[in-house]
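In the UniProt record's numbering, the protein residues as written are 1 to 467.
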């Protein structure tokens, strides 16, 4: 149905109405479109400044003034989209940017804003298609290149991110930020050898750079070159002698791996992964354990009547697959950013940002019907303090579901692998469960996920407390 031309008024909440071409009513109709858009510059510039100060009402007023000049200025809709996104009105934000790119299909800034929004909203396929469109339009402008790299990383396509990054380095050779980004991308793609020359170049240019030293340390450790990694650890400790993460790595490179990773290291790792964690684990690593365990729980408790403690809840993948329950669901994680994302699911009743060992030690006895620890124990070597306390806090007949990576040989029951994660032996796990008093325990050998297209073997354990 065709509607009469009307103005799209921007309000504080940014209510997007159907896009129609309004007759400019504050300028002479003989002025050109370019002149009318140019006349909007003061409004647009001020709107961006006020947006940075989160003065949304004033921004909306300026956009309405700009619309009186012309409704064909794409910048109006680009700013309007930001207003909508800030208030959680994502469909309106998408509609605004779709209109902006329709107005100026060859203008890369509008295309980039649209692509970034798609990526932020986890619309990965159209976001990657948009990145390709932007790259075809503009492959030399720094902001455009940085934008398509960001889109590719957010969407989990590290191959594309590396491609865009290499193109950026052709245009801006020896740029340290671009070299750092490419080194990190290659490392996270398990291309450790390819990352090393970039780390080396960054350190040669600035020997005191913490980011490159830390990055090279990880690449060398992943390659098993602990002797070479020692120099980077010692340099980092010279800068920050009491840093618990550096002290941990000092023990590792000296062949004395600690019993567990420090909470600071786990928090650092998962805070950095929060934005793309679900995509990274489910899509790239084909991680299906939360879905599997949720199905098993609902088979045992079809009425959904149980209290559950989710150790290392992360972004709440288990809660996502379980849905609402007739009981309490409590999440524990050292990463507050992960828990913030999990809270958006609205299925968890409470969160605690504490170390897992402390969490189970300080929890009252016989409180939970179910305790889960999925993809958590690869960051903990010695499980004895945890498994005993899990048995204590379970109600009679309660269930403990957890996973570990499998160790072929582990004289102490567990071993720190080159990938930085712990693996545990079957014998060690069976002994701990028996010592804790579990009446029943089954250990299934399964592929937990894939890394570099190679299966990661492990155990999925179901243990039940007796009467």
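All residues carry an ideal CB built from backbone N, CA and C; glycine is no exception. Keep in mind the model is a prediction, meaning the values are calculated, not measured.
(request) Return yes when the Cβ of residue 249 is within less than 7 Å of the Cβ of residue 307, no when it is not. (result) Residue mapping note: residue 307 aligns to position 307 of the chain shown, counting from 1. Residue mapping note: residue 249 aligns to position 249 of the chain shown, counting from 1. Taking C-beta atoms as the reference points, residue 307 and residue 249 fail to come closer than 7 Å.
(message) DSSP three-state label for residue 464, please.
(response) As a position in the chain shown, residue 464 is number 464, starting the count at 1. Residue state, collapsed to three classes: strand.
(request) Quick one: give me the first and last residue of the beta strand (DSSP E) that residue 299 is part of. (result) As a working mapping, residue 299 is identified with position 299 in the chain shown. Taken as a continuous stretch (DSSP letters only), residue 299 belongs to no beta strand (DSSP E), being part of the alpha helix (DSSP H) at 289 to 300.
(message) Suppose the cutoff is 7 Å on Cβ atoms and the five residues either side in sequence are ignored; what does the same chain contact list for residue 434 look like?
(response) Your numbering for residue 434 matches position 434 in the chain shown. Contacts found: none.
(message) In this structure, how does DSSP classify residue 457 when only helix, strand and coil are distinguished?
(response) Translated into positions along the chain shown, residue 457 becomes position 457. Strand, per DSSP.
(message) Helix, strand or coil, according to DSSP, for residue 497 in the structure here?
(response) The first residue shown for the chain is 1 and the last is 467, placing residue 497 beyond what the model contains.
(request) Spatial neighbours of residue 389 within its chain, please: CB distance less than 6 Å, with the 5 preceding and 5 following residues excluded, ordered by chain position. (result) Against the chain shown, residue 389 aligns to sequence position 389. Around residue 389: 360, 361.
(message) Excluding the 5 residues flanking residue 164 on each side, which residues of the same chain have their C-beta closer than 8 Å to its C-beta?
(response) Position 164 of the chain shown, counted from the start, is the residue given in the question as residue 164. 131, 135, 145, 148, 149, 152, listed in sequence order.
(request) Note down, in chain order, each residue of its chain lying with its Cβ closer than 7 Å to the Cβ of residue 264, except the 5 sequence neighbours on either side. (result) Position 264 of the chain shown, counted from the start, is the residue given in the question as residue 264. Contacts found: 244, 245.
(message) Closer than 8 Å is the cut-off here; do at least three beta carbon pairs connect the stretch 425 to 434 with the stretch 379 to 395?
(response) yes
(message) If you reduce the DSSP assignment to three classes, tell me which class residue 28 lands in.
(response) For the purposes of this step, residue 28 is identified with residue 28 of the chain shown, where counting begins at 1. Model confidence at residue 28 stands at a pLDDT of 45, short of 50, so the residue's coordinates are unreliable and nothing is read from them.
(message) According to DSSP, residue 445 sits in a beta bridge with which residue or residues?
(response) If you number the chain shown from 1, residue 445 lands on position 445. Residue 445 is bridged to 459.
(request) Please work out which residues of its chain come closer than 6 Å, Cβ to Cβ, to residue 467, disregarding the five sequence neighbours upstream and downstream, and give them in chain order. (result) For the purposes of this step, residue 467 is taken as residue 467 along the chain shown, with counting starting at 1. Here the set comprises 396.
(message) My assumption, with CB atoms under 8 Å, is that residue 402 sits in contact with residue 373. Please give the rounded CB distance.
(response) Position 402 of the chain shown holds residue 402. Position 373 of the chain shown holds residue 373. Correct: roughly 4 Å between the Cβ atoms.
(request) Just grab the DSSP bridge partners of residue 321 for me. (result) On the chain shown, residue 321 is found 321 positions in, with the first residue counted as 1. Bridge partners of residue 321: none, in fact.
(message) Taking a contact to mean a Cβ-Cβ separation below 7 Å, would you say residue 232 touches residue 247 in this structure?
(response) Taking the chain shown and counting its residues from 1, one reaches residue 232 at position 232. Taking the chain shown and counting its residues from 1, one reaches residue 247 at position 247. The answer is no: Cβ separation not under 7 Å.
(request) Whole angstroms is fine: what's the gap from residue 376's alpha carbon to residue 143's? (result) Taking the chain shown and counting its residues from 1, one reaches residue 376 at position 376. Taking the chain shown and counting its residues from 1, one reaches residue 143 at position 143. Their Cα atoms are separated by approximately 38 Å.
(request) Look at the alpha carbon of residue 170 and the alpha carbon of residue 185, and state the distance between them as a whole number of angstroms. (result) By one-based count along the chain shown, residue 170 stands at place 170. By one-based count along the chain shown, residue 185 stands at place 185. Taking the CA atoms as reference points, residue 170 sits about 17 Å from residue 185.
(message) According to DSSP, is residue 313 part of a helix, a strand, or is it coil?
(response) Position 313 of the chain shown, counted from the start, is the residue given in the question as residue 313. If DSSP states are grouped into helix, strand and coil, residue 313 belongs with coil.
(message) Only counting the same chain, and skipping five residues up and downstream in sequence, which positions put a Cβ closer than 7 Å to that of residue 26?
(response) In the chain shown, counting from the first residue as 1, residue 26 sits at position 26. Caution is warranted here: a pLDDT of 41 is assigned to residue 26, below 50, making its placement in the model unreliable, and no coordinate value can be reported.
(request) Using alpha carbons as the reference points, say which of 234, 269, 102, 71 lies closest to residue 252. (result) Start at 1 with the first residue of the chain shown, and residue 252 comes out as number 252. For residue 252, the nearest C-alpha among the options comes from 234.
(request) Please classify residue 369: does DSSP put it in a helix, a strand, or coil? (result) Walking along the chain shown from the start, residue 369 turns up at place 369. Reduced to three states, the DSSP call for residue 369 is strand.
(request) Tell whether a beta-carbon distance below 7 Å holds between residue 482 and residue 428. (result) What the structure shows of the chain is the stretch from 1 to 467, and residue 482 is not part of that stretch, so it cannot be assessed.
(request) Pick out the complete alpha helix (DSSP H) segments inside the stretch 350 to 413, 4 residues or longer, and give them in chain order. (result) 356 to 361, 384 to 393
(request) Would you mind sorting residue 52 into buried or exposed? The rule is 16 or more other CB atoms within 10 Å of its CB. (result) If you number the chain shown from 1, residue 52 lands on position 52. Per the 10 Å Cβ criterion, exposed.
(request) Could you tell me the boundaries of the alpha helix (DSSP H) in which residue 252 lies? (result) As a working note, residue 252 is residue 252 in the chain shown. Counting along the chain, the alpha helix (DSSP H) containing residue 252 begins and ends at 244 to 253.
(request) State the start and end residues of the unbroken beta strand (DSSP E) segment that holds residue 331. (result) If you number the chain shown from 1, residue 331 lands on position 331. Unbroken beta strand (DSSP E) run through residue 331: 329 to 332.
(request) Find the nearest neighbour of residue 141 within the set 172, 205, 62, 189, judged by alpha-carbon distance. (result) Indexing the chain shown from 1 puts residue 141 at position 141. Answer by Cα proximity: 172.
(request) Could you give the DSSP three-state label for residue 344: helix, strand or coil? (result) Numbered from its first residue, the chain shown carries residue 344 at position 344. Reduced to three states, the DSSP call for residue 344 is coil.
(request) Pick out the complete beta strand (DSSP E) segments inside the stretch 94 to 153, 3 residues or longer, and give them in chain order. (result) None, since the stretch 94 to 153 contains no complete beta strand (DSSP E) of that length.
(message) Using only CA atoms, which one of 122, 106, 123, 101 lies nearest to residue 113?
(response) Position 113 of the chain shown, counted from the start, is the residue given in the question as residue 113. Comparing Cα positions, the closest option is 101.
(request) Decide yes or no for the touch test of the stretch 293 to 300 against the stretch 406 to 423: beta carbon pairs closer than 8 Å, at least 3 of them. (result) no
(message) Under DSSP, the alpha helix (DSSP H) around residue 225 begins and ends at which residues?
(response) Locating residue 225 in the chain shown gives position 225, counting from the first residue. Taken as a continuous stretch (DSSP letters only), residue 225 belongs to no alpha helix (DSSP H), as it is neither H nor E.
(request) Check the DSSP bridge columns for residue 451 and list the partner residues they point to. (result) Stepping through the chain shown from its first residue, residue 451 is reached at position 451. Bridge partners of residue 451: 454.
(request) Would you give the residue range spanned by the alpha helix (DSSP H) that residue 74 belongs to? (result) By one-based count along the chain shown, residue 74 stands at place 74. Residues 74 to 86.
(request) Grab me the residues of residue 189's own chain with a C-beta within less than 6 Å of its C-beta, minus the 5 sequence neighbours each way, in chain order. (result) In the chain shown, the residue the question calls residue 189 occupies position 189. The answer, listed in chain order, is 158.
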